[in-house]
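Novice: Right, I'll just put the structure down here and ask away after.
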Amino acid sequence: MSDMTNDMKTGTIPELGESYEVLFRKTQPVSASETYPGFNPSTHILPAGSVHREGGMPLPVDILFEQDVAVTLRDGTTIYVDVYRPTDQQDCPAIISWSPFGKKGSWLSLDRFENRMDVPTQWEDGLNKFEGPVPGYWVQYGYAIVNVDGRGVFKSEGDIPFFGLQDAEDETDVIAWIAEQPWSNGNVGACGNSGFAIYQWNICQYNPPQLKAIAPWEGIRDWYRDTIVRGGIPNQEFFNGMLANLYGDNYAEDIVAMVEPAPLFDAYWNTKVPDVSKSRIPAYIVASWTNVLHTQGTFSAWEDYGCAEKWLRVHNRHEWVDFFNPVNSDDLRRFFDYYLKEEDNGWKETPRVRLTVLDPGHEDILYRPETTFPLARQKFVPLYLDAAHGRLTAKCAKHCAAKEYMPDEEGTVFKYTFTEDTEIAGHIKLKAWMEAASFDDMDVFAFISKLDVNQNEVLPEPVTNRYHQGANGRLRASMRKLDTAKSRPEKPFHTFDTVEKLKPGEIVPLEIDIWPYAMKWHKGETLQLRINGVNLITQPEFPDLPPVGTINQGNHIIHTGGKFDSHLLIPVTQGVIK
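The structure is reproduced here in structure tokens:
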């Protein structure tokens, strides 16, 4: 590796070898953590009834706590883990908890967020990692929880990799180590939300033999397309903050900074797209429609997941309140009991898909049993944009029309009022013939929401007083090139490897991938499509984050009717709507 500054250096990752320079940033020193308890290899008994955070869950049983246990990886690097397990059991299945946030001492904590994002304090015990399983809950049922400080995290040696092969090899080594421990029954599961889920997509493609089941709870799959450069528009602010709050003695791979030397999708970004089709590990997958980061990646991973033994549960809340809810832990435990304890508990009778359909202004439909997703009984229906009247219609208008708008928050809207109850569930595509009035590029955003019978917008509320602006997509016009082999009529797949600037007066078709969504409209309610030049989606955890930057200059023009078949392709559920 070579030094650039004290804060940055270049290095390599194993997939790409010495020929590809990767940027690394200096991590926060361990001494900067306000909550790190110190390096303390030791063993303790945590007594039943003890409380390890203010307002937290009292431990239901005695727990044997092994702190800062050294594990040597295949290249000789030493990392450290904390083990929580029953005091009197020698055949424990284990759940590995892997993320870069630290088994103790992370800057991230639910206490930092307003009203803890609706998560009651008693749902955590103060021993769990941020977004990780609660040891007090699992140990009472005979499980061990292994919280890992991976390579480079806090006192673990090395630099922090950002997913990819290095992380997978390291996690494989730790999984094998867990299975060999005298207290282990040899079966290991993985569990956790957000970053933990992304690590599970990463490891599952390598199928470690001791990893018998995973439970990824909402996680990005394709770092370029899902978030960092979604729609070809760089979106670095959120993850820059995440990387800035990693602790260790060395460096961390800087995926945010890599947007500068690698603005297009290339070999580096391809290392951040796990091939989950290779997985043969049973999976309990959790998703939601309103997750700003993870919705696209979770449903993509579900659809491509290689193991036939997979289950999907789609909820209507924020990821954290769903993950820590003890009712959902009980449900997950049935899955782990089946695969890690080999209990014949009827788990396989659980519906393969439990689908939630949002219905703001009414009651959401919760956990409707389905056999597949996307739904086999969906019918794709085009609604054509009519620029002359600001509406969506069942047929394309005969005559061409154009609508010029300023690419601000308001933009322009198109509406369709349903004459009967209608459910949309699945992937949505907007095809829009677009022109930049006075520039060679444009960033286009699209949002779908519901208007009630009085034409008032009604939005889902996944967190108290935090609303989701609806199904949404975005695309930079110069990044519009499609991969025709990977695209589907309802789901465009862009290569993001070519820049095609606009010529003056050029009208081009933009196929915008709108993230999957499920919502019910009642008779007389209206679907509103807003097209603008600004991201309206706010991060519920960090509502004050600055908006996604754009390159917009001058007005945008939408062309409809005649030869311009601009339309919204929606997946309408067929059959009885309940």
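Going left to right, the sequence shown walks through residues 89 to 666 as my numbering numbers them.
Just so it is clear, CB atoms sit at the ideal spot from N, CA and C, and this is done for glycine as well.
Note that the structure is a prediction, hence the values are computed from the model and not measured.
1) Indicate whether the contact test is met: 3 or more Cβ pairs, each with one atom in the segment 542-554 and one in the segment 367-374, closer than 8 angstroms.
2) At a cut of 8 angstroms, does the segment 578-594 reach the segment 496-510 through at least three beta carbon pairs?
3) Looking only at DSSP bridge pairs, what is Ile-646 linked to?
4) Could you check what DSSP says for Cys-292 in three-state terms: helix, strand or coil?
5) Just to confirm before moving on: does the CB-CB distance between Phe-527 and Asn-640 stay below 9 angstroms?
6) Quick one: measure Cβ to Cβ for Gln-116 and Asn-333, integer angstroms, because I've assumed they're closer than 8 angstroms.
7) If I'm right that Val-441 touches Phe-461 with Cβ under 8 angstroms, what's the distance once you round it to whole angstroms?
8) State the Cα-Cα distance for the pair Leu-446 and Glu-407, rounded to the nearest angstrom.
9) Taking Cβ to Cβ, would you say Glu-497 is nearer than 9 angstroms to Gly-252?
10) For Ser-282 versus Glu-306, is the C-beta distance shorter than 9 angstroms?
11) List the endpoints of the continuous alpha helix (DSSP H) containing Ser-417.
12) Excluding five sequence neighbours on each side, which residues of the same chain lie with their C-beta closer than 6 angstroms to the C-beta of Gly-558?
13) Measure the C-alpha to C-alpha separation of Ser-121 and Glu-212 and round it to an integer number of angstroms.
14) By DSSP, does Gln-384 sit in helix, in strand, or in coil?
15) Following the continuous beta strand (DSSP E) through Gln-155, name the residue where it begins and the one where it ends.
16) To the nearest angstrom, how far is the alpha carbon of Phe-652 from that of Arg-576?
17) Would the segment 348-358 and the segment 126-141 be scored as touching if the rule is three or more Cβ pairs under 8 angstroms?
18) Taking buried to mean at least 16 other C-beta atoms within 10 Å of its own C-beta, is Phe-630 buried or exposed?
19) Hey, how far is the Cα of Val-415 from the Cα of Tyr-287?
20) Check each candidate in Asp-418, Ile-453, Leu-400, Val-622 and name the one with the smallest Cα separation from Thr-459.
21) In terms of residues, what are the limits of the beta strand (DSSP E) holding Glu-341?
22) Does the Cβ of Gly-478 have 16 or more other Cβ atoms within 10 Å, making it buried, or fewer, making it exposed?
23) To the nearest angstrom, how far is it from the Cα of Tyr-231 to the Cα of Ile-183?
24) Who are the Cβ neighbours of Tyr-427 in its own chain at under 6 angstroms, not counting the five residues just before and after it?
25) Any heavy atom of the ligand ADP closer than 8 angstroms to the beta-carbon of Trp-226?
26) Considering only C-alpha positions, which residue in the set Glu-259, Gln-178, Arg-318, Gly-612 is nearest to Pro-270?
27) Would you mind giving the Cβ-Cβ distance between Leu-215 and His-140, rounded to the nearest angstrom? I have them listed as a contact below 8 angstroms.
28) For Pro-548, which of helix, strand or coil comes out of DSSP?
29) Indicate whether the contact test is met: 3 or more Cβ pairs, each with one atom in the segment 144-151 and one in the segment 234-252, closer than 8 angstroms.
30) Under the DSSP definition of a beta bridge, which residues are partnered with Glu-599?
31) Take Lys-366 and list the residues in its own chain whose beta-carbon comes closer than 6 angstroms to its own, dropping the five residues that flank it on each side.
32) In this structure, how does DSSP classify Leu-204 when only helix, strand and coil are distinguished?
33) Excluding the 5 residues flanking Val-501 on each side, which residues of the same chain have their C-beta closer than 8 angstroms to its C-beta?
34) Use the C-beta contact count for His-644: other C-beta atoms within 10 angstroms, 16 or more gives buried, fewer gives exposed.
35) Which whole-angstrom value describes the C-beta separation of Ser-185 and Gly-220, a residue pair presumed to lie in contact below a C-beta threshold of 8 angstroms?
36) What is the rounded straight-line gap between the Cα of Gly-514 and the Cα of His-382?
Specialist: Looking at the atomic coordinates:
1) Segments in contact, no.
2) The segment 578-594 is not in contact with the segment 496-510.
3) In the sequence shown, residue 646 corresponds to position 558, counting from 1. DSSP output for Ile-646 lists Lys-491, Met-522 as bridge partner(s).
4) Here residue 292 corresponds to residue number 204 of the sequence shown, with the count starting at 1. DSSP, read as helix, strand or coil, puts Cys-292 in helix.
5) Residue mapping note: residue 527 aligns to position 439 of the sequence shown, counting from 1. Residue mapping note: residue 640 aligns to position 552 of the sequence shown, counting from 1. Taking a C-beta distance under 9 angstroms as the contact criterion, Phe-527 and Asn-640 qualify as a contact pair.
6) Within the sequence shown, the letter at position 28 stands for residue 116. Within the sequence shown, the letter at position 245 stands for residue 333. Gln-116 to Asn-333, Cβ: 7 angstroms. Contact.
7) As a working mapping, residue 441 is identified with position 353 in the sequence shown. As a working mapping, residue 461 is identified with position 373 in the sequence shown. Contact holds; Cβ gap of about 5 angstroms.
8) As a working note, residue 446 is residue 358 in the sequence shown. As a working note, residue 407 is residue 319 in the sequence shown. Straight across, the Cα-Cα distance linking Leu-446 with Glu-407 is about 15 angstroms.
9) Taking the first residue of the sequence shown as position 1, residue 497 is located at position 409. Taking the first residue of the sequence shown as position 1, residue 252 is located at position 164. The answer is no: Cβ separation not under 9 angstroms.
10) Position 194 of the sequence shown holds residue 282. Position 218 of the sequence shown holds residue 306. Less than 9 angstroms divides the Cβ of Ser-282 from the Cβ of Glu-306.
11) Position 329 of the sequence shown, counted from the first residue, corresponds to residue 417. Where Ser-417 is concerned, the enclosing alpha helix (DSSP H) stretches over 414-428.
12) The sequence position of residue 558 within the sequence shown is 470, counting from 1. Contacts found: Phe-535, Ile-536, Ser-537.
13) In the sequence shown, residue 121 corresponds to position 33, counting from 1. In the sequence shown, residue 212 corresponds to position 124, counting from 1. Their Cα atoms are separated by approximately 21 angstroms.
14) On the sequence shown, residue 384 is found 296 positions in, with the first residue counted as 1. Gln-384: helix per DSSP, three-state reduction.
15) Taking the sequence shown and counting its residues from 1, the one referred to as residue 155 is at position 67. Counting along the chain, Gln-155 sits inside the beta strand (DSSP E) bounded by residues 151-160.
16) Counted from its first residue, the sequence shown places residue 652 at position 564. Counted from its first residue, the sequence shown places residue 576 at position 488. Distance between the alpha carbons of Phe-652 and Arg-576: 20 angstroms.
17) By the C-beta criterion, the segment 348-358 is judged not to be in contact with the segment 126-141, since fewer than 3 inter-stretch pairs fall below 8 angstroms.
18) In the sequence shown, residue 630 corresponds to position 542, counting from 1. That one is exposed.
19) Taking the first residue of the sequence shown as 1, we reach residue 415 at position 327. Taking the first residue of the sequence shown as 1, we reach residue 287 at position 199. Answer to the nearest angstrom: the Cα atoms are 24 angstroms apart.
20) Reading the sequence shown from its first residue, position 371 is the one you call residue 459. Here the closest residue by C-alpha is Leu-400.
21) Within the sequence shown, the letter at position 253 stands for residue 341. That run of the beta strand (DSSP E) goes 339-341.
22) As a working mapping, residue 478 is identified with position 390 in the sequence shown. So Gly-478 counts as exposed.
23) As a first step, residue 231 is located in the sequence shown; it is residue number 143 there, counting from the start. As a first step, residue 183 is located in the sequence shown; it is residue number 95 there, counting from the start. Straight-line Cα distance between these residues: approximately 7 angstroms.
24) Position 339 of the sequence shown, counted from the first residue, corresponds to residue 427. Excluding sequence neighbours, Tyr-427 sits near Lys-300, Ala-301, Pro-370.
25) The ligand ADP is not part of the structure shown, which contains no ligands of any sort.
26) Position 182 of the sequence shown, counting from 1, holds the residue named residue 270. Nearest of Glu-259, Gln-178, Arg-318, Gly-612 to Pro-270, Cα basis: Gln-178.
27) In the sequence shown, the residue the question calls residue 215 occupies position 127. In the sequence shown, the residue the question calls residue 140 occupies position 52. That pair is a contact at about 6 angstroms.
28) Along the sequence shown, read from residue 1 onward, the residue named residue 548 stands at position 460. Residue state, collapsed to three classes: coil.
29) Judged by Cβ distances under 8 angstroms, the segment 144-151 makes no contact with the segment 234-252, as fewer than three pairs qualify.
30) Along the sequence shown, one-based indexing puts residue 599 at 511. DSSP output for Glu-599 lists Lys-519 as bridge partner(s).
31) In the sequence shown, residue 366 corresponds to position 278, counting from 1. Excluding positions up to five away in sequence, the list reads Gln-293, Gly-394.
32) The count along the sequence shown starts at 1 and reaches residue 204 at position 116. First, the amino acid is wrong: residue 204 is Arg here, not Leu. The three-state reading of DSSP puts Arg-204 in helix, counting H, G and I together.
33) Sequence index remark: in the sequence shown, residue 501 carries index 413 (1-based). Closer than 8 angstroms at the Cβ level, and outside the excluded window around Val-501, lie Gly-478, Gln-616, Leu-617, Arg-618, Ile-619.
34) Residue numbering aside, residue 644 sits at position 556 when the sequence shown is read from its first letter. Burial call: buried.
35) Taking the first residue of the sequence shown as 1, we reach residue 185 at position 97. Taking the first residue of the sequence shown as 1, we reach residue 220 at position 132. Confirmed, Cβ separation roughly 4 angstroms.
36) Here residue 514 refers to the residue found at position 426 when the sequence shown is read from its first residue. Here residue 382 refers to the residue found at position 294 when the sequence shown is read from its first residue. Rounded to whole angstroms, Gly-514 to His-382 spans 15 angstroms at the Cα level.
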